């Protein structure tokens, strides 16, 4: 399984904050926005990841994240010259994907919840053709909407419908087989001049090859693409971290618990940032002793994986 993070776009909804910087480099409380989707792919067990951004911003992501070796993963980069829609990420990634399956996530989508890692890993393990993730929202008219029957079988997909057939929005997280690249190549631009991910998903639906995983009440899904939602997401992260004592989407911590880096490497990374809370947190994690109760707590942490660094 390969992973793709689409971090391009013009960021006009966040202007003027994004007039000189990619929105996915903006902080969501105590870490860059790109950390959150990257943490999702890491928690899913994906180690080969491609980040797609604009020609101007790709070097900035490379400077921030490097080749991924410090996190025990492999990061590669490609450019999207113009924002021509989400499916273009698949055509840009054709060589990277090859004959593998791929998980695609939008870089401004943030997921949180007890058991999310298990749900994601099971979806990846059981994946066959195409899988989308549905989340109940108050006003589905603002989103792409998925309709399904009592067996959770997808019936229809609609983009921002006037009369939604369900309350479940399609999130910015998708799993595809390698055929998605060829399907994306055949899509025609919509009236707004972009390739639409809903059109790609509808192709899978025609063949009865589209599955949906539902994120229930215990989950939070946020699209940090507007000023209001960015502020709300930052407040959510701040409040949750302060109350629970864990950090959300702490890449170095996730890499440590998955066995990708050592306790010494984690401590040294924290030491390099010891004057701020993030660095102190990494040092604290590295200093903790192995106890059954501690590991039990980690196993049930909403953003931790299924593997412990023994």
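Residue numbers (full-length UniProt numbering): 1 to 310. Ideal Cβ positions, reconstructed from N, Cα and C, are used throughout, including at glycine. For clarity, every value in this text was computed on a predicted model and none was experimentally measured.
Looking at chain C, is there any beta carbon in it that lies within less than 8 angstroms of the beta carbon of residue 128?
Absence of chain C from the displayed structure is noted, only one protein chain being present.
What is the residue span of the alpha helix (DSSP H) that residue 39 lies within?
Here residue 39 is taken as the residue at index 39 of the chain shown, counted from 1. First-last of the alpha helix (DSSP H) with residue 39: 35-43.
According to DSSP, residue 27 sits in a beta bridge with which residue or residues?
As a position in the chain shown, residue 27 is number 27, starting the count at 1. Paired residue(s): 32.
In this structure, does DSSP put residue 222 in helix, strand or coil?
Residue 222 sits at position 222 when you count from the first residue of the chain shown. Three-state result, residue 222: strand.
Return helix, strand or coil for residue 105, following the three-state DSSP convention.
If you number the chain shown from 1, residue 105 lands on position 105. Looking at residue 105 - three-state DSSP - the assignment turns out to be strand.
Using a threshold of 7 angstroms, is the CB atom of residue 85 nearer than that to any non-hydrogen atom of the ligand PLP?
The ligand PLP is not part of this structure, which contains no ligands at all.
Report yes if the C-beta distance between residue 14 and residue 85 is below 8 angstroms; otherwise report no.
Along the chain shown, read from residue 1 onward, the residue named residue 14 stands at position 14. Along the chain shown, read from residue 1 onward, the residue named residue 85 stands at position 85. It is not a contact, given that the beta carbons lie outside the stated cut-off.
Can you find the residues in the same chain that come closer than 8 angstroms, C-beta to C-beta, to residue 307, ignoring five residues on each side of it along the sequence?
Stepping through the chain shown from its first residue, residue 307 is reached at position 307. Bear in mind that the predicted position of residue 307 carries a pLDDT of just 43, short of 50, making it too unreliable to give a figure here.
Mapping DSSP to helix, strand and coil, what is residue 143?
Your numbering for residue 143 matches position 143 in the chain shown. Three-state DSSP puts residue 143 in coil, outside helix and strand.
Contact set for residue 189: own chain, Cβ-Cβ below 7 angstroms, skip 5 residues either direction
The residue given as residue 189 occupies position 189 in the chain shown. Only 195 meet the Cβ criterion.
Can you find the residues in the same chain that come closer than 7 angstroms, C-beta to C-beta, to residue 127, ignoring five residues on each side of it along the sequence?
The residue given as residue 127 occupies position 127 in the chain shown. Cβ neighbours of residue 127 beyond the five flanking positions: 101 and 175.
In angstroms, rounded to a whole number, what distance separates the CA positions of residue 3 and residue 57?
Counting from 1 along the chain shown, the entry for residue 3 is found at position 3. Counting from 1 along the chain shown, the entry for residue 57 is found at position 57. C-alpha separation (whole angstroms): 19 angstroms.
Residue 260 by DSSP, collapsed to three states: which one?
Position 260 of the chain shown, counted from the first residue, corresponds to residue 260. Residue 260: coil per DSSP, three-state reduction.
Cutting at 7 angstroms between CB atoms, please list the residues of its own chain near residue 142, excluding the five before and the five after it.
Sequence index remark: in the chain shown, residue 142 carries index 142 (1-based). Cβ neighbours of residue 142 beyond the five flanking positions: 160.
Helix, strand or coil at residue 50 according to DSSP, with G and I counted as helix:
Here the question's residue 50 lines up with position 50 in the chain shown. Note: residue 50 maps to strand in three-state DSSP.
If I measure Cβ to Cβ from residue 92 and keep anything under 7 angstroms in the same chain, skipping five residues before and after, which residues do I get?
As a first step, residue 92 must be located in the chain shown, where it is residue number 92. Answer for residue 92: 52, 78 and 80, listed in chain order.
So, under 8 angstroms CB-CB, residue 251 and residue 42 are touching, yes? Tell me the CB distance rounded to an integer number of Å.
For the purposes of this step, residue 251 is identified with residue 251 of the chain shown, where counting begins at 1. For the purposes of this step, residue 42 is identified with residue 42 of the chain shown, where counting begins at 1. Contact flag correct, Cβ pair sits at about 7 angstroms.
Do the CB positions of residue 29 and residue 202 come within less than 8 angstroms of each other?
The count along the chain shown starts at 1 and reaches residue 29 at position 29. The count along the chain shown starts at 1 and reaches residue 202 at position 202. No, Cβ-Cβ distance for residue 29 and residue 202 is not below 8 angstroms.
Specify the secondary structure class of residue 12 as computed by DSSP and reduced to three states.
As a working mapping, residue 12 is identified with position 12 in the chain shown. Residue 12 falls in the helix class under three-state DSSP.
Given residue 241, which residues of its chain have a CB within under 7 angstroms of its CB, disregarding the five upstream and five downstream residues?
One-based indexing of the chain shown puts residue 241 at position 241. Closer than 7 angstroms at Cβ, skipping near neighbours: 247 and 248.
For residue 213, is the classification buried or exposed, using 16 other Cβ atoms within 10 angstroms of its Cβ as the cut-off for buried?
Walking along the chain shown from the start, residue 213 turns up at place 213. That one is buried.
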